[in-house]
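For the record, in the sequence shown the residue sitting at position 101 is 100 according to numbering that gives the first Met the number 0, with numbers rising by one throughout.
Below is one structure, written out as structure tokens; the observations come after it.
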Amino acid sequence: MCKTPFATMPLDSLASPVPMGKGAFGRSSDRSPSPVQSSAVSEGTFTAPHAGLYSFSFTAYSSVGSAGQRLYQKVQLMKNGQLIASSWEDNREDSEDSSTQTVLLQLRRGCQVYVELLSGRQLCGDTKGQNTFSGYLVYPFSDK
């Protein structure tokens, strides 16, 4: 079975959808990604090059510096503009939190998946790679 991995990317913007930066998509039978068409990722949106079952994960990290300040974020995984999964944090009890979501999605060729940060929410700057979006093709389907 052939898998199509793509590398984790920083979520370092307050806009939605969240840009992923430079992408590394590829086809692999030996677990080592190789570059394919850069059109698979554009401005943080993954466009399925093939029909199939895909696995997607995202991690969001927030920090406000000290306990007592409001920690407030909501990140959601979208498929063709539809909410699929989300994680959110709204507390004053601690100064930092992270969350991760992983989902399996059946996609047709051309379906689009991206991570969105809701307006008014914040993520940390991503100098250490703590905010990520990644995935791979689990099982290909016929494009017919």
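From the three backbone atoms N, C-alpha and C, an ideal C-beta is built for every residue, glycine too.
Quick caveat, the model's predicted, so the values are computed rather than measured.
Item checked: When GLN68, VAL112, ALA84 and GLN81 are compared against TYR135, the one with the closest alpha-carbon -> Nearest option by C-alpha distance: VAL112.
Next item on the list: Can you say whether LEU106 is buried or exposed, counting buried as having 16 or more other CB atoms within 10 angstroms of its CB?
Entry: Counting every other CB atom within 10 Å of its CB across the protein chains shown gives LEU106 a total of 16 or more, marking it as buried.
Item checked: GLU92, DSSP secondary structure in three states -> The answer is coil: DSSP assigns GLU92 none of H, G, I, E or B.
Notebook entry, point to check: Just the Cα atoms here: how many angstroms apart are SER56 and PHE132?
Noted result: Going by the C-alpha atoms only, they are around 6 Å apart.
Item checked: Simplified DSSP state of PHE140, which is helix, strand or coil -> Annotated three-state conformation of PHE140 is coil, per DSSP.
Note to self: Taking the alpha-carbon of GLY43 as reference, which of TYR138, SER98, THR101 and LYS78 has the nearest alpha-carbon?
What the structure shows: Scanning TYR138, SER98, THR101 and LYS78 for the CA closest to the CA of GLY43 turns up LYS78.
Next item on the list: Counting only the same chain and skipping the five closest in sequence on each side, list residues whose C-beta sits under 8 Å from that of SER85.
Entry: Excluding sequence neighbours, SER85 sits near LYS73, VAL74, GLN75, LEU76 and GLN100.
Notebook entry, point to check: Got a sec? Which residues, its chain only, sit under 7 Å from LEU52 by beta carbon, not counting five neighbours each side?
Noted result: The residues LEU103, GLN105, VAL137 and TYR138, in chain order, have a CB closer than 7 Å to that of LEU52 in the same chain once the five nearest residues on each side in sequence are set aside.
Item checked: Opposing strand residues paired with LEU116 [DSSP bridges] -> According to DSSP, which records beta bridges pairwise, LEU116 is partnered with VAL74.
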